[in-house]
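Worksheet for the structure shown next.
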Amino acid sequence: MAKKKSKTQRNAAALQHFNMNYGADETKLQGWQRLCEDVEIPPQDSITQCKKALKTAYVNIHHLVDAKQRGEHPRRFPSREALRNYIKQTNSWVSQESGEGERVSEGAVD
């Protein structure tokens with residue numbers, strides 16, 4: 005039980021940091037552009053273009069938040085499958101029930 009609680013707390017903290025860095029309002033272009041920059045994608049001119057570009061950046065949300073705090077770029081995986089395998093092996097996923105926004109749940113950031 006303690007392990008699950010700690011996992012829940014870690015997810016909540018990661019999502020809180022994600023929202024602080026990129027904003028909780030998914031209709032703001034600036035947050036999408038900042039996310040692009042942080043995963044080493046040139047910022048795009050529209051939210052639609054950002055979403056399209058981000059689909060090629062396979063990044064674990066925990067790595068993204070940790071890297072942002074250290075002033076680094078997160079580890080990028082070569083494919084969605086590689087990212088999912090890593091997440092399963094390390095148990096570093098974010099629950100779909102966490103209330104995360106579209107940038108996390110529908111993009112390549114898992």
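Quick note on numbering: the numbering used here labels position 69 of the sequence shown as 73, and the sequence is numbered without any gaps.
We put the beta carbon where it would ideally sit given N, CA and C, even for glycine.
In the three-state scheme derived from DSSP, where H, G and I count as helix and E and B as strand, Val43 is classed as coil. The Cβ atoms of Arg79 and His67 sit closer than 8 Å to each other. Scanning its chain for C-beta atoms nearer than 7 Å, with the 5 sequence neighbours on each side dropped, one finds around Ser96 the residues Asn64, His66, in chain order. When C-alpha distances from Lys72 are compared across Gly35, Val43, Asp29, the shortest belongs to Val43.
Judged by DSSP in its simplified three-state form, Arg14 adopts helix.
Per DSSP, the continuous alpha helix (DSSP H) segment holding Asp70 begins and ends at 65 to 74.
Apart from the 5 residues on each side of it in sequence, Arg38 sits with its Cβ closer than 6 Å to the Cβ of Tyr26 in its chain, given in chain order.
A direct Cα-Cα distance of roughly 12 Å separates Phe81 from Leu58.
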